[in-house]
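**Q**
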Amino acid sequence: MKKVRMGKSDLHVFPIGLGTNAVGGHNLYPNLNEETGKELVREALKNGVTMLDTAYIYGIGRSEELIGEVLREFNREDVVIATKAAHRKEGNDFVFDNSPAFLKKSVDESLQRLQTDYIDLFYIHFPDEHTPKDEAVQALNELKKAGKIRAIGVSNFSLEQLKEANKDGLVDVFQGEYNLLNREAETTYFPYIQEHDISFVPYFPLVSGLLAGKYTEDTTFPEGDLRREMEHFQSDRFKENIRKVNELVPIAEKHNVDIAHVVLAWYLARPEIDMLIPGAKRADQLLDNLKTADVKLSQDDIDDIDQLFAK
Ligand code: NAP
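Right, here's the structure in full:
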């Protein structure tokens, strides 16, 4: 698989990246081993992954720090680092802040944690209620001109907020939830981003492994596991999702890969999506997801999957 260009930016990446919220993301997952996380990043970069997707809130800076440590073992220009900020600590809580001053301070702090002098892609992670979105993006554009960031992204913005952010045509990438079980983005965001040459990076592509075909109808999750709360994992809905995922088996067998690869390849077949950032906790999962690069779905496969998950 060749490198692809993200939207109108000058970022060129291998289409399978790595989501790193489980690298040092102690506030998101219990009992994470930091060495396992660093090994995951190291293996990704050794095996052709170029894009690492992190954020300040993943481990409150710890994910960025661990990535920064591994980065020193590689040529900086071979790696494309995306990070995000918007969470400002207020007492024991976090509030969202998109003010120019906060974004500029966040970029400087991320640069220190990553031990680098530029960030390839900087996203505003979540919208705040107060800052005009075009002013927030103008602040990022100043950082771009200063050479501190190379491309501008926004995440979790409504379509209206995205339009405001992109008033001057400066947004390169939008990151939002999209997967075969949640296809809302096709009608909300896709027409706008295609028209404005913005790349859509879908998060939650495997729905915590549900779309990797790793569960059966009888799978249960322990007390405290986040999946117990998620809508796609609730009783009848869960069974219906498993039934649909199982229908992907013949397509996976035909291509001699696993269900996860078929699902990831289906996303890449969409013109709005240039690259993916499936999450992984261990290097073997990451290496496994790289097999997606070899899957060439036929138009019939694409249409069948489209129909199967249409409602
Ligand atoms: P995901 O990619 O849908 O699920 C990842 C999980 O699926 C892994 O942790 C692993 O869980 C399992 N998995 C991965 N590869 C597998 C394989 N080949 N076979 C079987 N299971 C596999 O969801 P995500 O990690 O939540 O999202 C991906 C990335 O998107 C994150 O790392 C983060 O960078 C980004 N993100 C961004 C936002 C945002 O607000 N912008 C929000 C969420 C996520 P187990 O090890 O538990 O099986």
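Okay, so the sequence shown: first residue is 1 according to UniProt numbering, each after it adds one.
Think of the CB as a built atom: it goes at the ideal place given N, C-alpha and C, for glycine as much as any other residue.
Taking the alpha carbon of K145 as the reference point, which residue from A260, I119, H125 and K167 has its own alpha carbon closest?
**A** Position 145 of the sequence shown, counting from 1, holds the residue named residue 145. Per the Cα distances, I119.
**Q** Sort L226, F96, L18 and V257 by Cα distance to L28 and report the nearest one.
**A** As a position in the sequence shown, residue 28 is number 28, starting the count at 1. Among L226, F96, L18 and V257, the Cα nearest to that of L28 is on L226.
**Q** What are the residues that DSSP puts in a beta bridge with M51?
**A** Here residue 51 refers to the residue found at position 51 when the sequence shown is read from its first residue. In DSSP, M51 forms a bridge with V80.
**Q** Output needed for R113: all residues of its chain with C-beta closer than 7 angstroms, excluding positions within five of it in sequence on either side, in chain order.
**A** Here residue 113 is taken as the residue at index 113 of the sequence shown, counted from 1. G61, E64, E65 and G68.
**Q** Would you call V95 buried or exposed, if buried means 16 or more other Cβ atoms sit within 10 Å of its Cβ?
**A** In the sequence shown, the residue the question calls residue 95 occupies position 95. Exposed.
**Q** Any chance the segment 30-37 sits against the segment 301-309, with 3 or more Cβ pairs inside 8 angstroms?
**A** No contact exists between the segment 30-37 and the segment 301-309.
**Q** Would you say H125 touches the ligand NAP, meaning its beta carbon is less than 7 angstroms from a heavy atom?
**A** Along the sequence shown, one-based indexing puts residue 125 at 125. Flag set: Cβ of H125 near the ligand NAP.
**Q** Name the one or two DSSP bridge partners that N182 has.
**A** Here residue 182 refers to the residue found at position 182 when the sequence shown is read from its first residue. Answer is N179, bridged to N182.
**Q** When the Cβ atoms of the segment 15-29 are set against those of the segment 45-52, are three or more pairs found closer than 8 angstroms?
**A** Short answer: they touch.
**Q** Considering only residues of the same chain and omitting the five flanking positions on each side of D97, which have a CB-CB separation below 7 angstroms?
**A** On the sequence shown, residue 97 is found 97 positions in, with the first residue counted as 1. Answer for D97: A86, R88 and D128, listed in chain order.
**Q** Only counting runs of 3 or more residues, tell me where the beta strand (DSSP E) segments fall wholly within the segment 11-79, in order along the chain.
**A** Entirely contained in the segment 11-79, the beta strand (DSSP E) runs reaching 3 residues are, in chain order, 51-53.
**Q** Taking 7 angstroms as the cut-off, is the C-beta of P138 nearer than that to any heavy atom in the ligand NAP?
**A** In the sequence shown, residue 138 corresponds to position 138, counting from 1. Inspection of the sequence shows that residue 138 is occupied by Gln rather than by Pro. Not so, every heavy atom of the ligand NAP lies at least 7 angstroms from the Cβ.
**Q** On the three-state DSSP scale, how would you describe H261?
**A** Locating residue 261 in the sequence shown gives position 261, where the first residue counts as 1. If DSSP states are grouped into helix, strand and coil, H261 belongs with the helices.
**Q** Determine the DSSP secondary structure at E90, reduced to helix, strand or coil.
**A** Taking the sequence shown and counting its residues from 1, the one referred to as residue 90 is at position 90. In the structure shown, E90 sits in a strand (DSSP, three-state: E or B).
**Q** Could you give the first and the last residue of the continuous beta strand (DSSP E) run that contains D120?
**A** In the sequence shown, the residue the question calls residue 120 occupies position 120. It spans I119 to I124 - the beta strand (DSSP E) in which D120 sits, taken as one unbroken run.
**Q** Taking the C-alpha atoms as reference points, what is the distance between P100 and D274?
**A** For the purposes of this step, residue 100 is taken as the residue at position 100 of the sequence shown. For the purposes of this step, residue 274 is taken as the residue at position 274 of the sequence shown. One C-alpha to the other measures close to 29 angstroms.
**Q** To which residues of the same chain is F221 closer than 6 angstroms at the C-beta, ignoring the five residues directly before and after it?
**A** Residue mapping note: residue 221 aligns to position 221 of the sequence shown, counting from 1. Result list for F221: R227 and R228, in chain order.
**Q** Note down the Cα distance separating L11 from I152, rounded to an integer number of angstroms.
**A** Numbered from its first residue, the sequence shown carries residue 11 at position 11. Numbered from its first residue, the sequence shown carries residue 152 at position 152. If you take the alpha carbons of L11 and I152, they lie about 11 angstroms apart.
**Q** Spell out a yes or no on whether the segment 269-287 and the segment 239-252 are touching, meaning 3 or more CB-CB pairs, one atom from each, closer than 8 angstroms.
**A** At 8 angstroms Cβ cutoff, the stretches do not touch.
**Q** Are the Cβ atoms of L32 and A22 separated by less than 8 angstroms?
**A** By one-based count along the sequence shown, residue 32 stands at place 32. By one-based count along the sequence shown, residue 22 stands at place 22. Result yes, Cβ atoms of L32 and A22 sit closer than 8 angstroms.
**Q** Let me know the secondary structure DSSP gives F96 once reduced to three states.
**A** Indexing the sequence shown from 1 puts residue 96 at position 96. Correct three-state label for F96: strand.
**Q** Specify the secondary structure class of V171 as computed by DSSP and reduced to three states.
**A** Sequence index remark: in the sequence shown, residue 171 carries index 171 (1-based). Here V171 sits in coil by DSSP.
**Q** Between the segment 250-266 and the segment 281-299, do three or more beta carbon pairs fall short of 8 angstroms?
**A** The segment 250-266 vs the segment 281-299: in contact.
**Q** Would you give the residue range spanned by the alpha helix (DSSP H) that V249 belongs to?
**A** As a working note, residue 249 is residue 249 in the sequence shown. That run of the alpha helix (DSSP H) goes V249 to H255.
**Q** Below 8 angstroms between beta carbons: does that hold for D288 and I251?
**A** Indexing the sequence shown from 1 puts residue 288 at position 288. Indexing the sequence shown from 1 puts residue 251 at position 251. Cβ atoms of D288 and I251: not closer than 8 angstroms.
**Q** Could you spell out where the beta strand (DSSP E) holding S199 opens and where it closes?
**A** Locating residue 199 in the sequence shown gives position 199, where the first residue counts as 1. Start and end: S199 to Y203.
**Q** Specify the secondary structure class of R228 as computed by DSSP and reduced to three states.
**A** If you number the sequence shown from 1, residue 228 lands on position 228. Note: R228 maps to helix in three-state DSSP.
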